[in-house]
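> Numbers -19 to -1, 1 to 423, taken from mature numbering (1 follows the signal peptide of the UniProt record, and there is no 0), label the letters of the sequence shown in order.
Just so it is clear, CB atoms sit at the ideal spot from N, CA and C, and this is done for glycine as well.
So that we are looking at the same thing, I have put the structure below in structure tokens.
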Amino acid sequence: MLFKIALLVLVCVFIIVTGFEDDETDLDKMKIMEEMIKEWKSDNDEIKFTPTQISYLNHLDNRGRGSGRGRGRGNVRGRGNGQGRGKGNNRSKRQYEYLPVRKAYRHLSDSERKDFHDAIYQLKHTFSDPTSDLSNYDLFVNLHRSNSAPYAHGGHAFAGWHRHCLYRFEKALQEINEDVTLCYLDTTMEYNVGDRLEDSAIFGPDTLGNADGKVVTGPFAHFKVLWETCLKNNRTSLSRNIQNDGRFFYSPADLRIFDTWNTFEEMNTLRPNFEAEHDGVHIGIGGHMLEIACAPFDPIFWLHHTFVDYLWWEIRQHQTTDPETEYPNGTRPGHGRDDPMSPFMLELDDGSEQPLTNIAGLSNSYTTEEYTYQQAPGRIVCSTYSDCRSKFLYCSGRRCRAKVREGGQLEGRSTVSCYCPPGFIPGRRRRGRQYYCRCRPR
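This is the structure we're talking about:
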């Protein structure tokens, strides 16, 4: 009897301590993100789009995205120069034999992953305006700055604005390779890595590159970074500074909380707030990802936000209100349903333009006409290795978990959690009481 009472007390203490720890983490995320948004809004280093660049961005969206006020396509407004509101080209909408599927990054085949990496790399080294220092990739970084999109963060417009921006970015990749779709990084997989997040196999040379300091390995090594705000502290190329604290990444508990949200209002106001939870990954990756104005320079930004969009897609599946029309009144300035989704413009059938509004970001047509999603690894209940459908994952405790790269700490003595690139087989080495992943030539 005394043993049972003692055990009950220990369980209660654990729950209380864990609860306080989670609350502290939420406060940390909120506090840091408030500072991030404050710094983002103070970024006055405005880089104007040239007319050629605006024309390029505009032609990426040539399908109707009506908001109840006519059909047309969303265009980018030239901020500050009053020029370049061209119609773009008249190419017809791509006809899909099937709806493109956005998969988890770890569910891509080797060829799909290579194509995705190559498309990102080519976009980074392609210029719609040869007279500008901004590559076509950099144009999307500029779109995300506060001078271009003053209300992309800090309110109800967050999810819809980023969904529309992701859509355009995906179209830019598909102009390079029409078979490429965006993919997402399910960071609930890293939760089991604990306080050694940099050990995850996604930060290997054949995946996304190193997570500590300047990115010098992988397909995005030495990616060029622009603008004074992003170049400070001698960061002339892409850098990361991963926080080895799994609390900053999504957890299985977060997914269970999201499953309880039934309205758009709950998603934006209940704690943990949807945007605040997304902030944790920015904080966790660190480096350029920690600064909103600079974050899109890291391709992880696009994988992370595609996962955010996936989570929103899931929430909308069980939403009890109409997901296209439920938009509360009394939101923050710039975040109202009929406020402009700056800098995107809507071109009507008669050739006139009006601002694309925030409510347009809630249209079902994104995920019924343009793309859909494959189930996230974090949602898989596994019993065997093959259930996780990825060489970067393994099954433990009926959950898919992230494998670690060479040098990463193993789960126990087994090498099942050790990922090795082609041509190598997993092994282990011991240091003290811990075992670490070791890759040996075949």
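Rounded to whole angstroms, what's the CA-CA distance from residue 153 to residue 143? Just pull it up for me.
If I take the Cα positions, the gap works out to 15 Å.
> What residues in its chain sit with their C-beta under 7 Å from that of residue 284, if we drop five residues either side in the sequence?
Same-chain partners within the cutoff: 86, 164, 165, 166.
> Mind checking who residue 421 pairs with in its DSSP beta bridge?
In the DSSP output, where bridge partners are listed per residue, residue 421 has 406.
> Between residue 421 and residue 406, how many whole angstroms is the CB-CB distance? I'm expecting something under 8 Å.
Yes, residue 421 and residue 406 are in contact; Cβ-Cβ is about 6 Å, under 8 Å.
> By the three-class DSSP mapping on this structure, what secondary structure does residue 197 have?
Coil.
> Sorted by chain position, which residues of the same chain lie with C-beta nearer than 7 Å to residue 89's C-beta, five sequence neighbours on each side aside?
97, 164, listed in sequence order.
> Go through its chain and collect everything with a Cβ distance to residue 403's Cβ below 6 Å, but skip five positions before and after it.
Excluding positions up to five away in sequence, the list is empty.
> Is residue 145 near the ligand COA, with its Cβ less than 7 Å from a heavy atom?
In the structure on display, the ligand COA does not appear, and there are no ligands present to speak of.
> Could you tell me how far apart the beta carbons of residue 378 and residue 417 are, in whole angstroms, since I believe they sit closer than 8 Å?
That belief does not hold up - the Cβ atoms of residue 378 and residue 417 are roughly 21 Å apart, past 8 Å.
> By Cβ distance below 6 Å, which residues in the same chain neighbour residue 355 in space, the five residues on each side in sequence not counted?
Cβ within range, chain order: 82, 84.
> Taking contact to mean at least 3 C-beta pairs separated by less than 8 Å, is the region 275 to 290 in contact with the region 199 to 214?
Segments in contact, yes.
> Inspect the beta-carbon positions of residue 400 and residue 409 and report whether they are closer than 8 Å.
In this structure, residue 409 does not lie closer than 8 Å to residue 400 by Cβ.
> Using alpha carbons as the reference points, say which of 199, 198, 263, 254 lies closest to residue 226.
Among 199, 198, 263, 254, the Cα nearest to that of residue 226 is on 263.
> To test your reading of the DSSP string, which unbroken alpha helix (DSSP H) runs of 4 or more residues are found completely within the region 183 to 251?
Counting whole runs of 4 or more residues, the region 183 to 251 contains the alpha helix (DSSP H) stretches 209 to 212, 233 to 239, 245 to 250.
> Taking DSSP as the reference, what is the three-state secondary structure of residue 144?
Residue 144: helix per DSSP, three-state reduction.
> Could you tell me which of 179, 274, 250 sits nearest to residue 212, measuring between CA atoms?
Checking every option, the nearest Cα to that of residue 212 belongs to 274.
> With distances taken from CA atoms, which of 230, 197, 93 is nearest residue 428?
Given a span of -19 to 423 for the chain in the structure shown, any question on residue 428 remains unanswerable.
> Suppose contacts are defined by Cβ-Cβ distances below 8 Å. Is residue 381 in contact with residue 365 by that definition?
In this structure, residue 365 does not lie closer than 8 Å to residue 381 by Cβ.
> Which whole-angstrom value describes the C-beta separation of residue 322 and residue 335, a residue pair presumed to lie in contact below a C-beta threshold of 8 Å?
Not confirmed; about 11 Å, so no contact.
> Since residue 427 and residue 261 should fall inside the 8 Å C-beta cutoff, what is the C-beta to C-beta distance between them, to a whole number of angstroms?
The requested residue 427 does not occur in the structure, where the chain is confined to residues -19 to 423.
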